Structure formats: structure tokens, C-alpha cells
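Protein chains in written order, with our numbering: chain A, 394 to 695; chain B, 382 to 791.
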Ligand code: SF4
Ligand code: SF4
């Protein structure tokens, strides 16, 4: 195999260069980071929720989804439900050892730095500067990495469709652009949902806790979890009793892969040099062997 | 030994050319008659059942043939085909760097079959992926239309695509020798070193990136498997996976394609197998050490006493430490048979590990676990069958297990 040194360097240069161009600049720019203070957010006060499921109903209406089953029928609460492709939000009931049962509305939390968006290889999941995490069906490949990544098990996939898409709450992004509140917040009869800017909602949540210290757990779920989420929750019983995970940590999920992604350009830089060195070394040794052989042809091959 | 293809200068009529290149030198009717072997009948039956299932998947959606659900977004087809398939296809880059970069020229006879195995491995990994993707026709999107470079999967997509092309280039000399186009062949040989180096870089990155995908699931993957080192685990294990597949493939090839192999290939096989076994033993030992560091780093010793811990111990002791010793013992005592057996054991271990990560250790804390639907197994079996048939088709025609008489020693 004879390859000219010049060609060889060219190849190394090419492979390194193209790789570096591709990744150095982008490894850090993983999501558009809006200022979380000013982004759209929602405060869910579970102590106020009466479990009427109006939010489910209007959500289905504005998103053209089938009407939720068993509206007005308490038996729906006998089983825990999760969001589905046809239901972007669901309300579950949890027993309260010291009082009235607690109702919890679930939907996408619109994380400040969403795992789903940093998972998506075609930017079909996108964190908008305004706050909502939206989904572009026209881009989605259906790889479902967003579902693996989301710590809240929110995105759902249309398993029974030949041309499937992922479905989740997009915080009524279109309505927000028109200056309207999300349908759920606008129609909640118990004022359990308060829509606003994240900073203001945090103030309101804290005020409620300070003013009624006995009525609330002193924790705003979503203030720090996974780096902060757009949806914030208040409760009067410990959050773990409401099925909330307490072990998610406060580190934004994109950071978990950031280290790996920043190592990529390093590999692209160091590997060619290293391997090229190894090759040059073996090549030279071989040439030396060959000359030796040429000098003393009787020498036995080893 | 039957030699179907004759190489000397010869005036080809188109008729003769087709007969020699595609029909293995037989007339069409003789060729068709020869296809009725037990193996082919079984393969045909599998395809007869499996292909309709694949059609069903594209017309009715994944739910028609899989049990994948929103808690287990990645089912058996993907975890076997992509997550286990890609490390098992690592033989190409491992052997190419052995021969070209480290200059161990004696492994040359194994190189072409290794590159072919690697190329087909990646090719069919992409086939599994296409079956599993919601919208497979959008496969080029991350390449040309919408870029999500912050995603580890973006990196996997790019690197697998590039590496598939590199492996194709690496295999091109065999194709050109088969077709007898000397000029193209010389051109294809010239890029070998560059392709090898580029291939190693790409492999390092996408093998480890497959592991790094799970870095984004810290609350979901069981702590014994979730580790900041998981990219390194995936990369290192791809090395011994690749080595084992080269051993396994040569074991089977030397048995079933004996008439397609040359003396040189068959005669060198035992010694080379021992050499590969030794290398695999060293890499397995490194991997074992890293796994122990992983447990120590997370201080997960107590978890070893739980059911998931037993599962982890089975994996580490039976599929890592045991093959490590067996390879070492086998090469020491020159027991080629044992080394071959161990290669198959190691391959089982890799599949065990990748399926564990994707299907068992992921979402370990959810109350219910997904069990693949039997149709998923049929689909996988169908693709494996097509894979084997393709491999056979190529080996029967192109100079893979033998050197082309015109290009000996090149
Ligand atoms: S809750 Fe899940 S789907 Fe919603 S923004 Fe966060 S990571 Fe994405
Ligand atoms: S399924 Fe769609 S939205 Fe989710 S990561 Fe894949 S391409 Fe992105």
C-alpha cells in the first residue's frame, strides 16, 4: 500500500476540518434559551382544583380531539390516567390522608431547558422564546427519542397510524400569539390555573405560601426541578403523594449530554493525529524491514 | 474444489457475462434448480410469513406488529437491529485498523470478510431503523433539511450515514475485481488508508454516541447501567463485539463457503483466530475494569443485592469475565475450538447487554414492563434471513474469502 504523505495529510485535514466545522460551533447552542423570568408560565394550585375536568374538555375542543370519556362521572378517577395522543391533559385524583382528595392536572411542563428539544435531531420539538415548547409535525421523523428523554413521560406517539406523529400539549401557542390565555386557564371555574409570566407567578405562589403557611407544602414544584419548568405546582400534601418524582434533580437535562457533545470535536481533532502517527510509525518500520530484507535476501522472514 | 468463475482474458458475450457474474457459471435453468436446498426452503418460508408483517407495519402503523408503547418508545426491533446490530458490525473498523494502521499484515485474509460483514451490518441496522421510524422517508431530514446538532441522535445519524459510505468504499475493490474493472479498482485501493482512519474516527464517535443517547434519561435508566461512562462502555464493548463477530463469521464461512475460500485463507485461519481471541480477552478485561469503576463511581454496591443487581452480575460475570478468561485460556492452550465458542458467547453477551439497556433497565421503575409481541421476533428473523442471503450472494460471487488471482498480495 503506498500512499503519498501529501495525500495522507490531505485526508486528515479534510476529515478533521469538516467535522470541526460541523460541531464546534453548535455543541453548546443546544436550545434557544429564553429568559425564564419573562416566559409564559402557569401556576397550578392543586388546593383549589375541584376535579371538574373542564380543562380536559376545552383542551379537546381547541385541539380538535375527541371529547374526554365519562365527563361528570367520578368513576373516571378510579384509575390513574396519563396523557395520550388524543388527550393532551388529564386530571387525576389522589387520596389525602388528612382531608379532601387532591386533584392534579397533568400536561407538558414546558421546561425551561427541555429534554425533548435537546433530544430531537430535526428540531421538531422546539422551545420558543416566548416559553411554550412546540412541535413541528412537518419535521418529525418519528424516532421517539423525545419520549425517551422527557422526564415527565409527556410526548405520546400515534402507534396505530401509518403516518404517525407525536402529540403533546403546546401551551395553546397559537392562542397565546393572539393575546389569548390557554383554553384550560381561561375556562377553569375554580381559579386553580393562573396564567402569566413565570417571575410573577413565582411571586404569587410564594405569597400564597407565606400567607397560608399551614395550607401549603413549602415547595413550588417546577421552580427548580430539571432546571425549572414553565408549569408550577402548589400542594397541601407532599408532592410524592401526588405521584410527582422527587429525584429528578435541578440540573437542566441538556447538560447531561453537553459534556459528550463537547468531547466530539476533541476526538475529531486528536484521533486523526494519533492514528496518523501510528500509521506513520508502522509504515516506517515496515520500510526499514524491507530495506533490510533487500540488503540480505537470505535473511529469514519473521 | 469447484471454481465457477474463470478470470483469464476472455471475450465475453453479454450472455456469458451474466452467466459468469450472476449465475455462478451455470445456465439459468441449472441455477434455478440449484436453489432448492433445505436452507433456501426454510428461508423462503420465513420471508413468506415475515414480509407481510412488514407490509402490515407500513399500512397499519407500528401497533399492528409491535408491543412498543409510549412508556417503551424503543421496542425489540430497534434495540436488536440498531443497538445490538451496530456494535456487532464493528469488525470492519477493528480489522481495518489492525491491518492498515497497526501494520499486522498477517490478518489480511480476514479483512475483506470483516469489511463485508461490517458493511452489511450497518446496512441492515438502517433497514431495522427504517422499519421502526414513524416516517422513514424522512431519513434524509437531519442530513439535508432540518439540523438538530444539539442532539446526540443527530450525531449518530450523520456518522452512521458517513460510515456506511466509507465501508462501501472500502469494499469497492472487491466489487471492481469481480467486475474486472481494473482502473476503478486501483482508484478505490488508493483511498484505503484515508478511509480506514476516517472510519475509525466515525466509529469511535457513533459507537459511543449510541451509549450517550441514554445520558438524557438519568431518571429512567437503572443506576447500575446509567453512568457518565456509558459512552465509553459502548465504545469499548464494540471492539470485542467486532473481534468476536470476525471469529464467528470466519468459523461459519470456512464451513459453509469452503469452496469459495482459497488455501491461504483456510490455512491461516486457526492462528489468526487465536490472535483475535487474545486481543478480545484483553479488551474484555479492560471493559470489566471499567464496569467496576462505574459501579464504584456511583457507589452502587448495595444495588448489587437487588434483582436488577443479580441481572447486572449475570451480565458482568457470565458475559464479560467468563469470556475474558475463556479467550485467555483458549489462546494460551491453543484451543481454537474454545476460542470460537467463546466468540459466540461474547456475541450473546453484547446482545444481552444492549437489550438490557434499552428494554429492561430503561424505565425499570415503572410498574409494568413491556414484553415484545411475537410478530416483532418474526420481523427480526425476516431481516436476519435477508441479511444472510445477501451475504451468501456476495461471497458466492465476489473475491471475499479468497484473493483474486490477478491481484494476489495487494
Ligand atoms: S415536560 Fe417533557 S415534553 Fe414537555 S417540555 Fe419538558 S421535556 Fe419536553
Ligand atoms: S419523534 Fe419527532 S419530535 Fe421526537 S425526537 Fe424524533 S423527530 Fe424529534
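C-beta atoms are modelled at their ideal positions from N, C-alpha and C, and glycine is treated no differently. Since the structure is predicted, the reported quantities are computational estimates derived from the model, not experimental observations.
Compute the beta-carbon to beta-carbon distance between residue 661(B) and residue 727(B), rounded to the nearest angstrom, for a pair I have assumed lies under 8 Å.
Contact between residue 661(B) and residue 727(B) holds: their C-beta atoms lie close to 7 Å from each other, under 8 Å.
Excluding five sequence neighbours on each side, which residues of the same chain lie with their C-beta closer than 8 Å to the C-beta of residue 424(B)?
These residues qualify, in order along the chain: 766, 769 and 770.
Assigned secondary structure, residue 443(A) (DSSP; H/G/I helix, E/B strand, else coil)
It is coil, neither helix nor strand.
Run through the DSSP bridge pairs and tell me what residue 496(A) is partnered with.
Paired residue(s): 486(A).
Sort 555(A), 523(A) and 550(A) by Cα distance to residue 571(A) and report the nearest one.
The shortest Cα separation from residue 571(A) among 555(A), 523(A) and 550(A) belongs to 523(A).
Here's the rule I'm using: 16 or more other beta-carbon atoms within 10 Å means buried, otherwise exposed. How should residue 664(A) be labelled?
For residue 664(A), the number of other beta carbons within 10 angstroms of its own is at least 16, and it is reported as buried.
Straight-line CA distance for residue 548(A) to residue 748(B)?
Going from the Cα of residue 548(A) to the Cα of residue 748(B) covers about 19 Å.
Any heavy atom of ligand 1 closer than 6 Å to the CB of residue 758(B)?
At a threshold of 6 Å, residue 758(B) does not count as near ligand 1, since its beta carbon sits no closer than that to any of the ligand's heavy atoms.
Comparing C-alpha positions only, which one of 408(B), 634(B), 455(B) and 507(B) sits nearest to residue 772(B)?
Nearest to residue 772(B) by alpha-carbon distance, out of 408(B), 634(B), 455(B) and 507(B), is 634(B).
Residue 596(A) CB to nearest chain B CB: under 7 Å?
No, residue 596(A) does not count as interfacial toward chain B.
Give the residues of chain A in contact with residue 612(B), contact being defined as C-beta atoms less than 7 Å apart.
653, listed in chain order.
Given that a residue counts as buried once 16 or more other Cβ atoms are within 10 Å of its Cβ, and exposed if not, what is residue 568(B)?
Exposed.
Do three or more CB pairs link the segment 518 to 531 of chain B to the segment 466 to 481 of chain B at distances below 8 Å?
No, because fewer than three Cβ pairs between the segment 518 to 531 of chain B and the segment 466 to 481 of chain B fall closer than 8 Å, the two stretches do not touch.
Run the CB neighbour count on residue 779(B), radius 10 Å, all protein chains shown included, and call it buried at 16 or more, exposed below.
That one is buried.
May I ask whether a heavy atom of ligand 2 can be found less than 6 Å away from the beta carbon of residue 358(B)?
A query on residue 358(B) cannot be resolved here, the shown segment of chain B reaching from 382 to 791 and no further.
Which residue from 484(A), 539(A) and 479(A) puts its Cα closest to that of residue 507(A)?
Minimum Cα distance to residue 507(A) is reached at 539(A).
Under the rule that 16 or more other beta-carbon atoms within 10 Å means buried, what is residue 537(A), buried or exposed?
Taking all protein chains shown into account, residue 537(A) has 16 or more neighbouring C-beta atoms within 10 Å of its C-beta and is therefore buried.
Under 8 Å, with one C-beta from each stretch per pair, do the segment 468 to 485 of chain A and the segment 553 to 561 of chain A reach the 3-pair mark?
Here the segment 468 to 485 of chain A lies against the segment 553 to 561 of chain A, with 3 or more beta-carbon pairs under 8 Å apart.
Can you tell me whether DSSP reads residue 668(A) as helix, strand or coil?
In this structure, residue 668(A) counts as helix in the three-state DSSP scheme.
Starting from residue 524(B), follow its DSSP beta bridges and name the residues at the other end.
Bridge partners of residue 524(B): none, in fact.
Can you pull the chain A residues whose beta carbon is under 8 Å from the beta carbon of residue 455(B), in chain order?
Listed along chain A are 537 and 541, each with a C-beta nearer than 8 Å to that of residue 455(B).
Near residue 585(A), what residues of its chain come up, given a Cβ to Cβ distance below 6 Å and the 5 sequence neighbours on each side ignored?
Excluding sequence neighbours, residue 585(A) sits near 438, 441 and 442.
Within this structure, are the beta carbons of residue 497(B) and residue 646(B) separated by less than 7 Å?
Against a cut-off of 7 Å, the Cβ pair of residue 646(B) and residue 497(B) comes out as no contact.
Going by Cα to Cα distance, which pick from 643(A), 667(A) and 630(A) is closest to residue 493(A)?
Per the C-alpha coordinates, the member of 643(A), 667(A) and 630(A) positioned closest to residue 493(A) is 630(A).
Quick one: is residue 604(B) near chain A, going by C-beta distance under 7 Å?
For residue 604(B), the answer is no, since every Cβ of chain A falls outside 7 Å of its Cβ.
Cβ contact (3+ pairs, closer than 8 Å) linking the segment 675 to 683 of chain B and the segment 615 to 622 of chain B
These segments do not touch.
Would you mind sorting residue 734(B) into buried or exposed? The rule is 16 or more other CB atoms within 10 Å of its CB.
Taking all protein chains in view, the Cβ of residue 734(B) is crowded by 16 or more other Cβ atoms within 10 Å, so the residue is classified as buried.
Quick check on DSSP: helix, strand or coil for residue 424(B)?
In the structure shown, residue 424(B) adopts helical secondary structure according to DSSP, grouped into three states.
Comparing alpha-carbon positions, which option in 492(B), 636(B), 441(B) and 503(B) lies nearest residue 469(B)?
When each option's Cα is compared against that of residue 469(B), the closest is 503(B).
Cutting at 6 Å between CB atoms, please list the residues of its own chain near residue 640(A), excluding the five before and the five after it.
Result list for residue 640(A): empty, nothing under 6 Å.
Should residue 676(B) and residue 593(B) be called a contact, given that it needs their Cβ atoms to be closer than 7 Å?
Cβ distance not < 7 Å, so residue 676(B) and residue 593(B) don't count as in contact.
Contained alpha helix (DSSP H) runs [length at least 4] in the segment 542 to 621 of chain A, N- to C-terminal order:
Counting only runs of at least 4 residues, the segment 542 to 621 of chain A fully encloses the following alpha helix (DSSP H) elements, listed from N- to C-terminal order: 566 to 570, 576 to 580 and 591 to 604.
Within a Cβ cutoff of 7 Å, which residues of the same chain sit near residue 486(B), ignoring the five residues on either side of it in sequence?
Cβ neighbours of residue 486(B) beyond the five flanking positions: 480.
Are the beta-carbon atoms of residue 447(A) and residue 605(A) separated by less than 7 Å?
In this structure, residue 447(A) keeps its C-beta atom at 7 Å or more from the C-beta atom of residue 605(A).
Indicate whether the contact test is met: 3 or more Cβ pairs, each with one atom in the segment 649 to 669 of chain B and one in the segment 696 to 712 of chain B, closer than 8 Å.
The answer is yes - the segment 696 to 712 of chain B touches the segment 649 to 669 of chain B, with three or more Cβ pairs under 8 Å.
Is it buried or exposed for residue 677(A), if we count other Cβ within 10 angstroms and need 16 for buried?
Exposed is the call here.
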